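J.:
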Amino acid sequence: MKKLILIIVIFWGSYSLLSAQEDIKQQVKELTNTVDSLENITKPGKSKFLLRGYAHAGLEITDNESTFEGGSFNPIFLYKQSDRLLFESELEFELEDRQLSIGLEYANFSYLLTKSVTLRLGKMLLPFGIFVDRMHPAWINKFSSKPLGVGHGGILPTSDIGVELSGGAYLGNSKINYSAYVINGPRLNEGDDEPEEAGQLHFDNFPDNNNNKMIGGRLGFLPLSNSSLELGFSGMYGKVGSRGTEYSDIGAFLYAIDLSYVQSLSFMSSVLSVKAQYSGVNVDQASYIDTEDTLNTGATYTFNNTSTTYFVEGALRPALLNNNFFRNLEFAVRYSELDTPEGSMWDSKLNQWELGLNYWLDWRTVFKFTYRITQGEAGHDEGGESPIGNAFLFHWAIGF
Amino acid sequence: MKKLILVNGLAALLVLLAITFFSNCATSNVAMNKSGAQLWGENCVRCHNTPSPETFSDVEWDVAVMHMRVRANLTDEEAKKITDFLKTAN
Numbered sequence: 004m005k006k007l008i009l010i011i012v013i014f015w016g017s018y019s020l021l022s023a024q025e026d027i028k029q030q031v032k033e034l035t036n037t038v039d040s041l042e043n044i045t046k047p048g049k050s051k052f053l054l055r056g057y058a059h060a061g062l063e064i065t066d067n068e069s070t071f072e073g074g075s076f077n078p079i080f081l082y083k084q085s086d087r088l089l090f091e092s093e094l095e096f097e098l099e100d101r102q103l104s105i106g107l108e109y110a111n112f113s114y115l116l117t118k119s120v121t122l123r124l125g126k127m128l129l130p131f132g133i134f135v136d137r138m139h140p141a142w143i144n145k146f147s148s149k150p151l152g153v154g155h156g157g158i159l160p161t162s163d164i165g166v167e168l169s170g171g172a173y174l175g176n177s178k179i180n181y182s183a184y185v186i187n188g189p190r191l192n193e194g195d196d197e198p199e200e201a202g203q204l205h206f207d208n209f210p211d212n213n214n215n216k217m218i219g220g221r222l223g224f225l226p227l228s229n230s231s232l233e234l235g236f237s238g239m240y241g242k243v244g245s246r247g248t249e250y251s252d253i254g255a256f257l258y259a260i261d262l263s264y265v266q267s268l269s270f271m272s273s274v275l276s277v278k279a280q281y282s283g284v285n286v287d288q289a290s291y292i293d294t295e296d297t298l299n300t301g302a303t304y305t306f307n308n309t310s311t312t313y314f315v316e317g318a319l320r321p322a323l324l325n326n327n328f329f330r331n332l333e334f335a336v337r338y339s340e341l342d343t344p345e346g347s348m349w350d351s352k353l354n355q356w357e358l359g360l361n362y363w364l365d366w367r368t369v370f371k372f373t374y375r376i377t378q379g380e381a382g383h384d385e386g387g388e389s390p391i392g393n394a395f396l397f398h399w400a401i402g403f
Numbered sequence: 009m010k011k012l013i014l015v016n017g018l019a020a021l022l023v024l025l026a027i028t029f030f031s032n033c034a035t036s037n038v039a040m041n042k043s044g045a046q047l048w049g050e051n052c053v054r055c056h057n058t059p060s061p062e063t064f065s066d067v068e069w070d071v072a073v074m075h076m077r078v079r080a081n082l083t084d085e086e087a088k089k090i091t092d093f094l095k096t097a098n
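Sequences listed follow chains A and B, in order.
Reading the first sequence from the start, the letters are residues 4 to 403 in my numbering.
Reading the second sequence from the start, the letters are residues 9 to 98 in my numbering.
1. So, does the CB of P59/B fall closer than 7 Å to a CB anywhere in chain A?
2. Would Y338/A pass as a contact of L358/A if the rule is Cβ separation under 7 Å?
3. Which of helix, strand or coil does DSSP assign to A381/A?
4. What does S245/A pair with, by DSSP beta-bridge criteria?
5. Can you pull the chain B residues whose beta carbon is under 9 Å from the beta carbon of P198/A, in chain order?
6. Could you name the residues of chain A that A45/B contacts, counting a contact when the two beta carbons are closer than 9 Å?
7. For V336/A, report the span of its beta strand (DSSP E) as first-last.
8. In three-state terms, what does DSSP make of E72/A?
9. When the distance is taken between beta carbons, is Y173/A closer than 7 Å to A39/B?
10. If I measure Cβ to Cβ from L47/B and keep anything under 6 Å in the same chain, skipping five residues before and after, which residues do I get?
11. Taking the beta carbon of A80/B as the centre, do at least 16 other beta carbons fall within 10 Å, making it buried, or is it exposed?
12. Counting only Cβ-Cβ distances shorter than 9 Å, please list the residues of the stretch 77-90 of chain B near chain A, keeping chain order.
13. What residue range does the alpha helix (DSSP H) around L275/A cover?
14. Less than 8 Å between C-beta atoms, sequence neighbours within five positions excluded: which residues of the same chain meet that for S251/A?
15. If you measure from the CB of A400/A, is any heavy atom of the ligand COA nearer than 6 Å?
16. If I follow the unbroken beta strand (DSSP E) through H398/A, where does it start and stop?
17. Which word fits H24/A, buried or exposed, when buried means at least 16 other C-beta atoms lie within 10 angstroms of its C-beta?
18. Please return the same chain residues whose Cβ sits closer than 6 Å to the Cβ of P140/A, not counting the five positions on each side in sequence.
19. Between M9/B and E316/A, what straight-line distance do the alpha-carbon atoms span, to the nearest angstrom?
20. Buried or exposed for W399/A, please, with buried defined as at least 16 other CB atoms from any protein chain shown within 10 angstroms of its CB.
21. DSSP three-state call for F372/A: helix, strand or coil?
22. How many angstroms separate the CA atom of V31/A from the CA atom of K46/A?
23. Indicate whether at least one CB of chain B lies closer than 7 Å to the CB of W399/A.
24. I'd like the list of long-range same chain contacts for S347/A, defined as Cβ closer than 6 Å, with 5 residues on each side in sequence excluded.
25. Spell out whether any CB of chain B is found under 7 Å from the CB atom of L332/A.
26. Are the CB atoms of V67/B and K51/A nearer to each other than 7 Å?
27. Rounding to the nearest angstrom, what Cα-Cα distance links D211/A and N41/B in this structure?
28. Can you list, in chain order, the residues of the stretch 61-87 of chain A whose Cβ is nearer than 9 Å to any Cβ on chain B?
29. Using a Cβ-Cβ cut-off of less than 7 Å, give me the residues of the stretch 258-292 of chain A that come near chain B, in sequence order.
30. If K126/A and I164/A are in contact, beta carbons under 8 Å, what's the gap, nearest whole angstrom?
31. Once you ignore the five residues that flank H59/A on each side, which residues in its own chain have a CB closer than 8 Å to its CB?
32. So is N180/A in contact with chain B if we call contact Cβ pairs under 7 Å?
33. Could you check what DSSP says for W363/A in three-state terms: helix, strand or coil?
34. What's the gap between the Cα of D92/B and the Cα of P59/B?
35. Could you tell me the alpha carbon to alpha carbon distance between T121/A and I292/A, rounded to whole angstroms?
36. At least one CB of chain A closer than 7 Å to the CB of E62/B: is that the case?
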């Protein structure tokens with residue numbers, strides 16, 4: 004009898020064990036199916052897209068006025084089509100005199116030809132010096148304004164349309180990087196439209212005014228093994244006068260030397276950043292119609308068309324402190340100079356100090372307080388606005 | 009004179025291009041031995057504050073680091089190591 008009960012119990016036990024196993028198997032199968040279908044939903048395709056960008060605005064108080072500035076909103080579109088192909092584009096929405104103006108900052112695609120050669124085609128920020136392609140976005144620039152020589156009223160190129168080869172590699176413990184490009188290039192103001200700017204170069208991404216393309220490049224050296232120091236040398240050469248005019252042979256040579264040093268200083272619990280750029284613009288000498296000659300005798304004037312500009316900036320952020328408030332503070336100072344040709348109608352000798360105190364909300368959101376002092380002599384005023392004077396600028400910039 | 013500067017500049021550029029091509033084989037040990045975390049710590053701060061890995065998802069990092077690879081002329085190896093690090097630490 005006992006045996007019988009035992010057999011029944013064993014039989015019953017193994018049966019329920021087996022059916023439980025079946026159950027578990029079934030559940031595992033169901034779970035696997037769910038995970039599979041979830042993976043299918045979230046599985047990234049080969050083509051990946053990222054919509055980012057930044058925006059900034061601020062309050063500007065000068066000697067004569069105080070106004071909130073609309074700043075700009077710059078969406079950035081990035082499409083990674085494959086491991087080799089990337090498209091990048093940035094638009095800029097800005098208010099100018101109550102009108103919305105839209106700019107195409109860049110739109111180009113990069114193709115990784117080999118591990119150390121990337122081909123880029125389209126409209127691009129030019130790696131000429133370091134300000135334009137590395138420092139100009141409002142959440143990167145440590146000041147509410149730009150140094151003299153770049154940006155509004157500046158003499159340096161920003162973007163252009165063309166083809167570039169670039170890359171980076173190790174040389175022992177040092178690193179080098181290079182960029183070489185062919186672009187439409189700037190256009191010489193020959194004095195027809197804005198005679199007060201005759202002899203200046205315009206970098207407005209014009210279609211080429213001659214068959215001669217501008218060629219240029221930058222070489223960067225990072226001699227220290229921790230990459231904290233970079234020295235860069237940039238150059239650009241080409242004809243800038245219009246085909247079929249007396250200016251057709253006028254060429255321009257532009258150069259820039261830049262330095263970047265960013266290092267953690269543990270004894271000060273801070274990150275130190277030093278950036279500098281010296282650049283020159285040499286345009287072949289030419290004669291321009293003298294518009295101040297009211298007798299219309301066709302008199303001309305000429306000048307040695309050489310301009311230089313530079314900036315040096317330093318910033319210290321006690322980012323390694325434990326205190327939340329203090330480690331988000333940043334102190335910054337920048338000095339810049341701009342020297343344009345004597346004898347031209349846009350002759351100026353300007354220098355500028357910018358003192359900055361910044362507060363970082365996160366890595367891309369910042370409140371920037373800048374006090375700016377601009378001194379010197381400015382040739383012609385830009386639309387009645389003299390760059391000379393003091394200003395207090397408070398800007399907020401956010402990257403997303 | 010300007011032509012001379014140009015020719016010299018171009019020659020220098022070509023030489024450096026050549027060096028770049030061949031230097032792949034001569035990648036130093038220091039560079040090879042750096043981890044993704046170290047490369048992330050050393051490189052991003054050269055231009056802006058360093059984003060923490062949690063900022064983005066894996067897919068977003070794929071695109072953002074490729075953008076930075078081109079903008080900052082990072083090497084292939086650096087970009088790969090940094091992407092891997094950001095994707096495991098986010």
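By construction, the Cβ of each residue, glycine as well, lies at the ideal position given by its N, Cα and C atoms.
These figures come from a predicted structure and were not determined experimentally.
T.: Result, derived from the coordinates:
1. Taking the first residue of the second sequence as position 1, residue 59/B is located at position 51. Interface flag for P59/B against chain A is set, since a Cβ pair is found closer than 7 Å.
2. One-based indexing of the first sequence puts residue 338/A at position 335. One-based indexing of the first sequence puts residue 358/A at position 355. No, the Cβ-Cβ distance between Y338/A and L358/A is not below 7 Å.
3. Here residue 381/A refers to the residue found at position 378 of the first sequence. Correct three-state label for A381/A: coil.
4. The count along the first sequence starts at 1 and reaches residue 245/A at position 242. Looking at the DSSP assignment, S245/A forms no beta bridge with any residue, so it has no partner.
5. The sequence position of residue 198/A within the first sequence is 195, counting from 1. Those within 9 Å of P198/A in chain B number zero; the least Cβ separation is about 27 Å.
6. If you number the second sequence from 1, residue 45/B lands on position 37. In chain order: nothing, as chain A lies at least about 14 Å away.
7. As a working mapping, residue 336/A is identified with position 333 in the first sequence. First-last of the beta strand (DSSP E) with V336/A: 332-342.
8. Against the first sequence, residue 72/A aligns to sequence position 69. E72/A: strand per DSSP, three-state reduction.
9. Taking the second sequence and counting its residues from 1, one reaches residue 39/B at position 31. Taking the first sequence and counting its residues from 1, one reaches residue 173/A at position 170. Yes, they are a contact pair.
10. The residue labelled residue 47/B in the question sits at position 39 within the second sequence. Correct list, in chain order: E86, K89, I90.
11. Translated into the one-based positions of the second sequence, residue 80/B becomes position 72. When all chains shown are included, A80/B counts as buried.
12. R77, V78, R79, A80, N81, L82, T83, D84, E85, E86
13. As a working note, residue 275/A is residue 272 in the first sequence. Per DSSP, L275/A belongs to no alpha helix (DSSP H); it is in the beta strand (DSSP E), 273-286.
14. Reading the first sequence from its first residue, position 248 is the one you call residue 251/A. Counting only Cβ-Cβ distances below 8 Å, and skipping sequence neighbours, we find N213, K242, G244, S245.
15. This structure simply doesn't include the ligand COA, nor any ligand for that matter.
16. Against the first sequence, residue 398/A aligns to sequence position 395. Unbroken beta strand (DSSP E) run through H398/A: 392-402.
17. If you number the first sequence from 1, residue 24/A lands on position 21. Strictly speaking, residue 24/A in this sequence is Gln, with His absent from that position. Exposed.
18. Stepping through the first sequence from its first residue, residue 140/A is reached at position 137. So the list reads Y57, once near-sequence residues are dropped.
19. Translated into positions along the second sequence, residue 9/B becomes position 1. Translated into positions along the first sequence, residue 316/A becomes position 313. Confidence is the limiting factor: at M9/B the pLDDT is only 49, short of 50, which leaves the residue's position unreliable, though a coordinate-based value still follows. Each residue's Cα considered, the two are about 33 Å apart.
20. Here the question's residue 399/A lines up with position 396 in the first sequence. Classification of W399/A: buried, given that the 10 Å Cβ count is 16 or more.
21. One-based indexing of the first sequence puts residue 372/A at position 369. DSSP places F372/A in strand when its eight states are reduced to three.
22. Here the question's residue 31/A lines up with position 28 in the first sequence. Here the question's residue 46/A lines up with position 43 in the first sequence. Approximately 21 Å, taken between the alpha carbons.
23. By one-based count along the first sequence, residue 399/A stands at place 396. False, the Cβ-Cβ gap to chain B never drops below 7 Å.
24. Locating residue 347/A in the first sequence gives position 344, counting from the first residue. Taken in chain order, the residues that qualify are G202, F306.
25. In the first sequence, counting from the first residue as 1, residue 332/A sits at position 329. No, L332/A does not count as interfacial toward chain B.
26. Counted from its first residue, the second sequence places residue 67/B at position 59. Counted from its first residue, the first sequence places residue 51/A at position 48. Yes, these two residues count as a Cβ contact at 7 Å.
27. Numbered from its first residue, the first sequence carries residue 211/A at position 208. Numbered from its first residue, the second sequence carries residue 41/B at position 33. Looking at the two C-alpha atoms, the distance is approximately 47 Å.
28. I79, L81, Y82, K83, D86
29. S263, V265, V274
30. On the first sequence, position 123 is the one that residue 126/A refers to. On the first sequence, position 161 is the one that residue 164/A refers to. So it is a contact: roughly 5 Å between Cβ atoms.
31. The residue you call residue 59/A lines up with position 56 of the first sequence. The answer, listed in chain order, is G74, S75, A141, W142, H398, W399, A400, I401.
32. By one-based count along the first sequence, residue 180/A stands at place 177. Taking a beta-carbon distance threshold of 7 Å, N180/A counts as an interface residue toward chain B.
33. By one-based count along the first sequence, residue 363/A stands at place 360. In this structure, W363/A counts as strand in the three-state DSSP scheme.
34. Here residue 92/B refers to the residue found at position 84 of the second sequence. Here residue 59/B refers to the residue found at position 51 of the second sequence. So the alpha carbons of these two residues sit roughly 15 Å apart.
35. As a working mapping, residue 121/A is identified with position 118 in the first sequence. As a working mapping, residue 292/A is identified with position 289 in the first sequence. Counting only the Cα atoms, I292/A lies some 45 Å from T121/A.
36. Within the second sequence, the letter at position 54 stands for residue 62/B. Answer no: the Cβ-Cβ gap between E62/B and chain A never drops below 7 Å.
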